[in-house]
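Read the structure below first, then the notes.
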Ligand SMILES: [Zn+2]
């Protein structure tokens with residue numbers, strides 16, 4: 001399977017200048033290609049990345065001689081990216097449901113800056129990467145994955161530079177540790193609640209960062225548009241967002257790795273259920289990004305470790321069902337404790353949902369001994385192990 005390792009780069013000023021020019025060239029080429037694609041389509045043609053690249057190269061020397069200042073992969077990669085963007089677009093059109101999202105022009109300063117390097121054009125030597133036309137650039141750590149190197153993408157996030165190296169790695173054969181199935185419920189205040197009774201909660205640092213993001217967001221919006229102060233405020237905000245993302249990814253990676261290492265089957269809920277609830281609250285918006293990333297990590301890690309990932313049907317009432325007797329009753333969002341009116345069970349709301357999820361692979365009504373013990377020993381709210389991330 002293909003995995004990407006994203007490594008922070010430590011470029012010199014001259015190297016950073018090259019990166020900026022390379023990103024600019026890649027963005028220009030992408031926009032040129034998108035425009036040409038639209039025109040060709042309107043003229044009744046069936047354009048593709050390859051034909052557009054030939055068209056571009058034919059006029060390149062005359063019209064865009066400055067694009068030769070950077071390596072040719074910057075322009076070539078842009079055509080591949082556009083081809084990919086249209087492939088995804090056509091797939092979404094075919095699948096239906098919701099707006100398919102036609103590929104957009106990349107706006108300077110708003111679009112994510114990046115450029116590609118083909119696998120035969122760069123080489124790695126420990127904590128150094130040799131980039132064509134540039135030479136050795138320092139990396140913060142060496143590549144961790146072994147296997148065939150497929151490609152590299154250099155990108156910028158919050159004024160920091162990264163290289164994502166795609167590697168075709170082998171799938172690990174995990175020794176069967178038959179710990180059965182685990183259900184995972186994702187939330188806002190508690191990041192994840194597992195059916196085994198453990199919880200992953202955000203640290204105090206998380207709350208502090210969230211507060212800082214909110215403050216910086218307000219500060220940036222108050223500055224005059226197009227001003228130097230606005231630009232400075234936006235960079236500050238981007239850095240804070242980046243810090244938050246780093247903290248979140250660290251927690252997510254540790255949690256998802258722990259799960260795939262100890263369980264054979266993992267059950268998660270369909271994210272659309274929660275995603276559909278349109279809520280502009282910042283904490284919720286950030287959580288949603290976390291849920292999507294959590295799911296993405298579980299998906300590839302369960303393949304990597306030979307595990308089964310089950311996604312619950314979006315209509316499965318994991319929150320409303322009593323994990324003790326199976327009765328279904330409405331539950332308000334504010335109720336943190338599930339109190340069953342049929343059997344009198346009182347249990348942490350998220351834990352109740354996680355237990356219900358963990359039973360999906362077994363079929364309804366099957367109780368696992370582990371859970372029975374847990375339920376018997378104390379199904380009172382709050383009596384769960386809390387992992388402070
Ligand atoms: Zn009940």
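Numbering (the working numbering), first residue to last: 1 to 389. Even glycine gets a Cβ: it sits at the ideal position worked out from N, Cα and C.
**Asked** The beta strand (DSSP E) with residue 338 in it runs from where to where?
**Response** 337 to 339
- Message: Please give the ranges of any alpha helix (DSSP H) in the segment 55 to 116, keeping only runs that are unbroken, at least 4 residues long and fully inside the region.
- Response: 73 to 95
Item to check | Heavy atoms of ligand 1 versus C-beta positions, residues under 5 Å | outcome: 322, 324, 325, 327, 340, 342, 343, 345
Next on the checklist: Quick check on residue 194: buried or exposed, where buried means 16 or more other Cβ atoms within 10 Å of its Cβ?
Outcome noted: buried
- Measure the CB-CB distance between residue 123 and residue 154 and report whether it falls below 8 Å. no
Rounded straight-line distance, which links the Cα of residue 33 to that of residue 103 = 11 Å
As assigned by DSSP and simplified to three states, the class of residue 294
helix
Worksheet entry | Close beta carbons around residue 40, own chain, < 7 Å, minus the five adjacent residues each side | 47
Compute the Euclidean distance between the alpha carbons of residue 162 and residue 65, then round it to the nearest angstrom. 28 Å
*asked:* By DSSP's criteria, residue 185 is part of a beta bridge. Which residues make up the other side?
replied: 193
Please classify residue 125: is it buried, with 16 or more other beta-carbons within 10 angstroms of its beta-carbon, or exposed? exposed
Original post:
Taking C-beta to C-beta, are residue 190 and residue 350 nearer than 8 Å?
Top reply: yes
Do three or more CB pairs link the segment 138 to 145 to the segment 180 to 187 at distances below 8 Å? no
* Expressed to the nearest angstrom, what Euclidean distance is found between the alpha-carbon atoms of residue 415 and residue 55? -> Past the edges of the chain, shown from 1 to 389, lies residue 415, and the structure says nothing about it.
Under 8 Å: do the segment 333 to 350 and the segment 303 to 311 share three or more Cβ pairs, one atom per stretch? no
Worksheet item: Taking buried to mean at least 16 other C-beta atoms within 10 Å of its own C-beta, is residue 338 buried or exposed?
Response: buried
Of the choices 150, 224, 21, 69, whose alpha-carbon is the least far from that of residue 108? 21
- [ ] Use the C-beta contact count for residue 276: other C-beta atoms within 10 angstroms, 16 or more gives buried, fewer gives exposed.
- [x] Residue placement at residue 276 is flagged as unreliable, the pLDDT there being 47, under the threshold of 50; the coordinate-derived value follows with that caveat. Exposed, since its Cβ has fewer than 16 Cβ neighbours within 10 Å.
*Which stretch, first to last residue, makes up the beta strand (DSSP E) that contains residue 346?*
346 to 348
Worksheet entry | Beta-carbon proximity list for residue 144, same chain, < 6 Å, skipping 5 on both sides | 5
For this session: Give a yes or no on whether the C-beta atoms belonging to residue 168 and residue 116 are separated by under 8 Å.
Result: no
ask   = The alpha helix (DSSP H) spanning residue 235 covers which residue range?
value = 228 to 262
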